[in-house]
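Engineer:
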Amino acid sequence: MGLIKLTEPRDMGELALIKSLLDGNGITYVVHNEHVSSLYPGVPLLMCTVMVDESELQRAETLLSKLIPTNGEETDGLA
């Protein structure tokens, strides 16, 4: 089993929220390029990608589905 892309957070706050949610639910993840923005001060998060194991993808997507809007949709005032 390999890692697969879960999401690309828009900013550091969203990344922190995603990491907390995954940690709290025991889902192992890897964040590619998490610290790239520290190399370029003043530049927002640069192409950061949260990866999870294929076997955890559906569970992780379900957890994030109510948290992060997709395709411009708003979710219960959390957008």
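0 is the number of the first residue of the sequence shown in numbering that gives the first Met the number 0; add one for each residue after it. Think of the CB as a built atom: it goes at the ideal place given N, C-alpha and C, for glycine as much as any other residue. Predicted, not measured: the structure shown is a model, and the values here were computed from it.
1) Excluding the 5 residues preceding and the 5 following residue 26 in the sequence, name in chain order all residues of the same chain whose CB lies nearer than 7 Å to its CB.
2) Mapping the DSSP letters down to three states, classify residue 3 as helix, strand or coil.
3) What is the DSSP secondary structure of residue 48, reduced to helix, strand or coil?
4) Hey, how far is the Cα of residue 19 from the Cα of residue 38?
5) Considering only residues of the same chain and omitting the five flanking positions on each side of residue 1, which have a CB-CB separation below 8 Å?
6) Check the C-beta distance from residue 14 over to residue 47 and give it rounded, since I have them as a contact under 8 Å.
Structural biologist: Considering the structure as presented:
1) Position 27 of the sequence shown holds residue 26. Same-chain partners within the cutoff: 51, 55, 58 and 59.
2) Along the sequence shown, read from residue 1 onward, the residue named residue 3 stands at position 4. Strand.
3) As a position in the sequence shown, residue 48 is number 49, starting the count at 1. Strand at residue 48.
4) Taking the first residue of the sequence shown as 1, we reach residue 19 at position 20. Taking the first residue of the sequence shown as 1, we reach residue 38 at position 39. Roughly 24 Å separates the two Cα atoms.
5) Locating residue 1 in the sequence shown gives position 2, where the first residue counts as 1. Counting only Cβ-Cβ distances below 8 Å, and skipping sequence neighbours, we find 52 and 53.
6) As a position in the sequence shown, residue 14 is number 15, starting the count at 1. As a position in the sequence shown, residue 47 is number 48, starting the count at 1. With 8 Å as the limit, residue 14 and residue 47 qualify as a contact, their Cβ atoms being about 6 Å apart.
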